[in-house]
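**Q**
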Amino acid sequence: MTLEHRALIYDGADDLLSVAVPFLTAGLEAGEAVVAVLRRAGHGPLRDALGDRAGAVAFHASEDFYRHPVRTLKIYQELVKAERPRRVRALAEPVWSGWSARETLEWARYESLINVAFAGSGARALCPYDRTALPPEIIRHARETHPLLASGDLTVRNPEYVRPADFGARCDRTRRFERPRDAAYLAIDSADLRGLRAFVGDRAAAHGLPRQAAQNLVTAANEAAANALRHGAPPAGLWLWAEGPELVCEVGDHGIWRDADSLVGFDPPESALRPGFGLWTVRLLVDLMELRAGWDGTFVRMRQRR
């Protein structure tokens, strides 16, 4: 079974309901697991439009569901697994407000990665994008990350769709990995990482990072450092600094990662023994993880809000 990943670029609430209601109703009639993830303000109108069938739909608020791209990916993965052998049919409205430019790009990448993570799931997803409220950049991302476009009662192939690997590579090329000269530095020259954990933990506390966020950053830094020691080349090091509301921690080494691609650490691994599990774990622990692999080495940058 293949994934059906549609974007609905709509104009106002009535336009949304005219497509969303038949989409969800078809799922109920087919015996599928039907989910509606949309803004709280849209729950009432959708329930009213569905009538008696609304009780068979699992409603979730986008504001709660879409807080972290990789965690959201994991939630959907668990949902699809729990409902097997039934198909999952989801009305899935991401949240596009309140993010930095970096975070917005990661959410666009998330939409692209849906096509890889759920390729064989048979899931059917309809992702609404309000053309009257969203900036043109987000609408462009919608067209680039969805193989199908919904329009009225029709679904058509999207000629603007970009393969996830190519979309991710383009996201990575926009990154600039500049580092302040006064960043705190620690050389990573031993497999004993107790000193590194203390170094990160002390500075996270000094910079006012909440306790759980600090613990997550320590664990993520430890995992990134262990990866650098295991797979990279010396010298390796860790840098840490404050940048606006974020604490930034970077681990780098001088190894050339020839097999790196734009999907690494995003596609959920089946077990801890699979490649990419370490970076997947790091992405789950921090607010944002960025990776740059080039001629000068491999660098993992982790951001945590203070």
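Under the working numbering, the first residue of the sequence shown is numbered -13, with each subsequent residue one higher. C-beta atoms are modelled at their ideal positions from N, C-alpha and C, and glycine is treated no differently.
1. Taking the C-alpha atoms as reference points, what is the distance between residue 141 and residue 109?
2. Report all residues from its chain with a CB closer than 8 angstroms to the CB of residue 36; omit the five preceding and five following residues, and keep chain order.
3. If we ignore side chains and look at the alpha-carbon of each, how far apart do residue 194 and residue 283 end up?
4. If contact is defined by three or more beta carbon pairs under 8 angstroms, each pair taking one atom from either stretch, is the stretch 70 to 77 in contact with the stretch 117 to 125?
5. Output yes or no for whether 8 angstroms exceeds the beta carbon distance between residue 82 and residue 125.
6. Would you call the CB atoms of residue 72 and residue 17 closer than 8 angstroms?
7. Can you list, in chain order, the residues of its chain with a C-beta nearer than 7 angstroms to that of residue 94? Leave out the 5 residues immediately preceding and following it.
8. What span of residues does the alpha helix (DSSP H) with residue 48 cover, start to end?
9. Quick check on residue 207: does DSSP put it in helix, strand or coil?
10. Decide if residue 46 is buried, meaning its Cβ has at least 16 other Cβ atoms within 10 Å, or exposed.
11. So for residue 193, helix, strand or coil by DSSP?
12. May I have a chain-ordered list of the beta strand (DSSP E) segments no shorter than 3 residues that lie completely inside the stretch 82 to 150?
13. According to DSSP, is residue 285 helix, strand or coil?
14. Can you list, in chain order, the residues of its chain with a C-beta nearer than 7 angstroms to that of residue 147? Leave out the 5 residues immediately preceding and following it.
15. Any beta carbon from chain B within less than 8 angstroms of residue 170's own beta carbon?
16. Return the chain-ordered list of same chain residues with a C-beta closer than 7 angstroms to the C-beta of residue 232, the five sequence neighbours on each side being excluded.
17. For residue 228 and residue 206, what's the separation of their Cα atoms in angstroms?
18. Can you grab the Cα-Cα spacing for the pair residue 181 / residue 221, in whole Å?
19. Return the first residue and the last residue of the beta strand (DSSP E) that residue 239 is part of.
20. What residues match up with residue -8 in a beta bridge as DSSP calls it?
21. Cutting at 7 angstroms between CB atoms, please list the residues of its own chain near residue 156, excluding the five before and the five after it.
22. Cutting at 7 angstroms between CB atoms, please list the residues of its own chain near residue -9, excluding the five before and the five after it.
23. Give me the DSSP bridge partner(s) of residue 314.
24. Residue 174 by DSSP, collapsed to three states: which one?
25. Excluding the 5 residues preceding and the 5 following residue 199 in the sequence, name in chain order all residues of the same chain whose CB lies nearer than 6 angstroms to its CB.
26. To the nearest angstrom, how far is the alpha carbon of residue 31 from that of residue 15?
27. Are the CB atoms of residue 190 and residue 203 within a distance shorter than 8 angstroms?
28. If we ignore side chains and look at the alpha-carbon of each, how far apart do residue 56 and residue 143 end up?
29. Work out the CA separation of residue 98 and residue 213 for me, nearest whole Å.
**A** So, to answer that:
1. The alpha-carbon of residue 141 is positioned some 15 angstroms away from that of residue 109.
2. Counting only Cβ-Cβ distances below 8 angstroms, and skipping sequence neighbours, we find 7, 10, 11, 43.
3. One C-alpha to the other measures close to 31 angstroms.
4. Short answer: they don't touch.
5. Contact flag unset, no.
6. Contact check for residue 72 against residue 17 passes: the beta carbons are separated by less than 8 angstroms.
7. Within the same chain, residue 94 has close Cβ partners 127, 131.
8. Its alpha helix (DSSP H) spans residues 48 to 51.
9. If DSSP states are grouped into helix, strand and coil, residue 207 belongs with the helices.
10. That one is buried.
11. Secondary structure of residue 193 (DSSP, three-state): coil.
12. For the stretch 82 to 150, whole beta strand (DSSP E) runs of length 3 or above, ordered along the chain, are 110 to 116, 134 to 137, 140 to 143.
13. If DSSP states are grouped into helix, strand and coil, residue 285 belongs with the strands.
14. Closer than 7 angstroms at the Cβ level, and outside the excluded window around residue 147, lie 130, 132, 133.
15. Protein chains in the displayed structure number just one, and chain B is not present.
16. Same-chain partners within the cutoff: 289, 290, 291, 292.
17. Each residue's Cα considered, the two are about 17 angstroms apart.
18. For residue 181 and residue 221, the distance between alpha carbons rounds to 17 angstroms.
19. Segment 232 to 239, the beta strand (DSSP E) holding residue 239.
20. Residue -8 is bridged to 112, 134.
21. The beta carbon of residue 156 sits closer than 7 angstroms to none of the beta carbons in its chain outside the five residues before and after it.
22. These residues qualify, in order along the chain: 100, 101, 111, 132, 133, 134.
23. Missing from the structure shown is residue 314; the chain here goes from -13 to 292 and no further.
24. Here residue 174 sits in strand by DSSP.
25. For residue 199, where only same-chain residues beyond five positions count, the Cβ hits under 6 angstroms are 290.
26. Put simply, the backbone Cα of residue 31 is about 21 angstroms away from that of residue 15.
27. A contact, by the Cβ cut-off of 8 angstroms.
28. Rounded to the nearest angstrom, the two C-alpha atoms are 27 angstroms apart.
29. Rounded to whole angstroms, the gap between the alpha carbons of residue 213 and residue 98 is 26 angstroms.
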